[in-house]
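Here's what the structure looks like:
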């Protein structure tokens, strides 16, 4: 076998990537553009509308945030990737030790299961359309019907079995689907914009604000419903809320209440839970595990130059800008047309793209869940020596499917993605600090490897202390998770330097 | 025959995006738009599967996440 053939077959899991296996920038542009137009995009865009984000903040916030994400890939991740040419896991093992990497992998695997669960929910909302299954609403934490549970279980089972037995096949299928899915997202945006029916920016902004105000009035306590019909049904059961409803919607009687739409809504202006900086931070850090978290060392180790890091722009501005805006417009169009504020991807996509939209939602959810469940299976396999990859992948798929039965994971995707970054991204700070500051600060680089340790205590403390504090702030104090990622990352970098200097001084 | 697959696939992509664009900027009916997009989807699968699905996967994507 020639060196080139060997390079093409090898994955270099525990060796630096040789020059013969390096790739030009074009490969990375295509990969990032395709892989960031995924199932999650159908959820995230609409959730911005429901959070009350102003339209100008969406356009400007996503521009700044996605640019910062690209800069993070280009200047934080890619330079170390092209110099070290190692996977994240191998580089982390040298610094932190095999035991800690397994624990990191386990945390990654568990979080992956819940992310995959949300994607199974996404796909199920499309699969259920031909069977006229009652879809869960945004207030639904538990499954709302036996039929929905059955659909989720079936979809999850198929995805799990295929991930266990046919991962490569689905990965190839994802390669085929990606260019088409990108255009379907754009098409959804075009049709949604037509359905919104604005003639200019002022008109679009006005309609957007109306849908936001209307959504928040319906979704606020004590109503917490997703349509006027839902409100009327609630008021039949709780007639004492009628005066509250009439006041909130600024109408004189129930007859007028039944006629309320997002266009004629006269109630109070919405209170946004996400301002411009929230949008910036969310879009910057939603993939934090990959850029400042250094997971994409595994990708860019194949790049000839660090400038290939700019390829992330293909993913960010195609997937995280265009697709999110298109998905947000889909919900705005739905609210205007039907009065329903439920961000259920299947029906939304069906109303703007027909059968192509339904298939796109199924495929997008599936092609996101497939590698996610596969990697969770690998993580579990690493924790249980001697276990089979098939069994562990099926276990991961089972956990994901059960999570998918509870739509709350999909509806709370914004917070979950932020929490995911808060937990995992700080390990990238360990790699960053170890790479740039070991010699300058006088501590041993790759300490676990050099000292033969299976767990680097300095890394464990530097990682877990900030994450524990951030978890408390998020879960107990209610701080939005995307505010915690950067402080955690910086704190971990500083603590890694301090603890490593104390525990593992540089060898003389 | 091999040259046909990319052509079919690209026609499929065209049918995926051009009708919605015409619907937005012109007056193409929504039902027609949906039908053309469905046809585009089918053509893309027919053309792109033999064209792209069996290309050697040169890039290690074992740890690439899709978010």
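Residue numbers (UniProt numbering), protein chains in the order written: chain A, 1 to 508; chain B, 1 to 67. Don't be surprised by glycine CBs; every beta carbon is placed ideally from N, CA and C.
1. Which one of 444(A), 247(A), 146(A) and 375(A) has the shortest CA to CA distance from residue 223(A)?
2. Let's test the definition: count the other Cβ atoms within 10 Å of the Cβ of residue 93(A) and tell me whether it reaches 16, buried, or not, exposed.
3. Here's a check: name, in chain order, each residue in its chain whose Cβ is nearer than 6 angstroms to the Cβ of residue 174(A), leaving out the five neighbours to either side.
4. Under three-state DSSP, which class holds residue 491(A)?
5. Would you say the stretch 394-410 of chain A touches the stretch 66-80 of chain A, given that touching needs at least three Cβ pairs under 8 angstroms?
6. Of all Cβ atoms in chain A, is any one closer than 9 angstroms to the Cβ of residue 60(B)?
7. Roughly how many whole angstroms lie between the Cα atoms of residue 183(A) and residue 177(A)?
8. Between the C-alpha atoms of residue 196(A) and residue 134(A), what's the straight-line distance to the nearest angstrom?
9. Using 9 angstroms as the threshold, is the C-beta distance between residue 105(A) and residue 90(A) below it?
10. Tell me whether the beta-carbon of residue 120(A) lies closer than 9 angstroms to the beta-carbon of residue 155(A).
11. Measure from the C-beta of residue 162(A) to each C-beta in chain B and report whether the shortest distance is under 9 angstroms.
12. Indicate whether residue 189(A) and residue 322(A) have their beta-carbon atoms separated by less than 9 angstroms.
13. The stretch 339-355 of chain A: which residues have C-beta closer than 7 angstroms to a C-beta of chain B, in chain order?
14. Should residue 472(A) be flagged as near chain B, meaning a C-beta pair shorter than 9 angstroms?
15. Quick check: the Cα distance between residue 152(A) and residue 336(A), rounded to an integer number of angstroms?
16. Who are the neighbours of residue 186(A) on chain B, taking C-beta pairs under 9 angstroms?
17. Assign residue 52(A) to buried or exposed, taking buried as 16 or more other Cβ atoms, counted over all protein chains shown, within 10 Å of its Cβ.
18. Between residue 48(A) and residue 338(A), what straight-line distance do the alpha-carbon atoms span, to the nearest angstrom?
19. Excluding the 5 residues preceding and the 5 following residue 9(B) in the sequence, name in chain order all residues of the same chain whose CB lies nearer than 6 angstroms to its CB.
20. Name the chain B residues that come within less than 7 angstroms of residue 82(A), Cβ to Cβ?
21. Just verifying my parser: in three-state terms, what is the DSSP assignment at residue 173(A)?
22. Just how far apart, CA to CA, sit residue 18(A) and residue 276(A)?
23. Taking the alpha helix (DSSP H) that residue 399(A) falls in, what are its first and last residues?
24. Taking Cβ to Cβ, would you say residue 303(A) is nearer than 9 angstroms to residue 22(A)?
25. In chain order, what residues of the same chain lie with their CB nearer than 7 angstroms to the CB of residue 244(A), ignoring the 5 residues before and after it?
26. Cβ of residue 45(B) less than 9 angstroms from any chain A Cβ?
27. Should residue 209(A) and residue 168(A) be called a contact, given that it needs their Cβ atoms to be closer than 9 angstroms?
28. Please tell me whether residue 115(A) and residue 416(A) are closer than 9 angstroms, where the distance is taken between their beta carbons.
29. What are the boundary residues of the alpha helix (DSSP H) that includes residue 434(A)?
30. What are the start and end residues of the alpha helix (DSSP H) that includes residue 284(A)?
31. Please state the DSSP three-state secondary structure of residue 39(B).
32. For residue 30(B) and chain A, any beta-carbon pair shorter than 9 angstroms?
33. Once you ignore the five residues that flank residue 258(A) on each side, which residues in its own chain have a CB closer than 8 angstroms to its CB?
34. To which residues does DSSP link residue 505(A) through a beta bridge?
35. So, helix, strand or coil for residue 23(A), using DSSP?
36. Mind checking which residues open and close the alpha helix (DSSP H) that includes residue 214(A)?
Taking the structure as given:
1. For the residues 444(A), 247(A), 146(A) and 375(A), the minimum Cα distance to residue 223(A) belongs to 247(A).
2. Flag for residue 93(A) reads buried.
3. Closer than 6 angstroms at the Cβ level, and outside the excluded window around residue 174(A), lie 367.
4. For residue 491(A), the secondary structure class from DSSP, reduced to helix, strand or coil, is helix.
5. Contact fails between the stretch 394-410 of chain A and the stretch 66-80 of chain A, because fewer than three Cβ pairs, one in each stretch, are under 8 angstroms apart.
6. Low confidence applies here, because residue 60(B) scores a pLDDT of 44, under 50, leaving its location unreliable; read the following figure in that light. Using beta-carbon distances, residue 60(B) counts as an interface residue toward chain A, with a partner under 9 angstroms.
7. Each residue's Cα considered, the two are about 10 angstroms apart.
8. When the Cα atoms are used, residue 196(A) and residue 134(A) turn out to be separated by approximately 25 angstroms.
9. Going by C-beta atoms, residue 105(A) is not nearer than 9 angstroms to residue 90(A).
10. Going by beta carbons, residue 120(A) and residue 155(A) fall inside the 9 angstroms limit.
11. Residue contact check for residue 162(A) against chain B: no CB pair falls below 9 angstroms.
12. Taking the C-beta atoms as reference points, residue 322(A) is found nearer than 9 angstroms to residue 189(A).
13. Per Cβ criterion, the list reads 353, 354 and 355.
14. Judged by the 9 angstroms Cβ criterion, residue 472(A) is not in contact with chain B.
15. Computed Cα separation, rounded: 29 angstroms.
16. Per Cβ cutoff of 9 angstroms: 16, 17, 20 and 21.
17. By the 16-neighbour rule on beta-carbons within 10 angstroms, residue 52(A) is buried.
18. Their Cα atoms are separated by approximately 19 angstroms.
19. The residues are 44, 47, 48 and 51.
20. For residue 82(A), no chain B residue has a Cβ inside 7 angstroms of its Cβ, as the nearest lies near 15 angstroms away.
21. Helix.
22. Computed Cα separation, rounded: 44 angstroms.
23. It spans 389-405 - the alpha helix (DSSP H) in which residue 399(A) sits, taken as one unbroken run.
24. The answer is yes: Cβ separation under 9 angstroms.
25. The residues are 222.
26. With 9 angstroms as the cut-off, residue 45(B) counts as an interface residue toward chain A.
27. Cβ distance not < 9 angstroms, so residue 209(A) and residue 168(A) don't count as in contact.
28. Inclusion of residue 115(A) and residue 416(A) in the CB contact set at 9 angstroms is warranted, their separation being smaller than that value.
29. Segment 426-441, the alpha helix (DSSP H) holding residue 434(A).
30. Looking at the DSSP string, the run of the alpha helix (DSSP H) that includes residue 284(A) is 276-285.
31. Residue 39(B): helix per DSSP, three-state reduction.
32. It does; some Cβ of chain A falls within 9 angstroms.
33. Answer for residue 258(A): 228 and 232, listed in chain order.
34. Looking at the DSSP output, residue 505(A) shares a beta bridge with 443(A).
35. In the structure shown, residue 23(A) sits in a strand (DSSP, three-state: E or B).
36. For residue 214(A), the enclosing alpha helix (DSSP H) begins and ends at 201-219.
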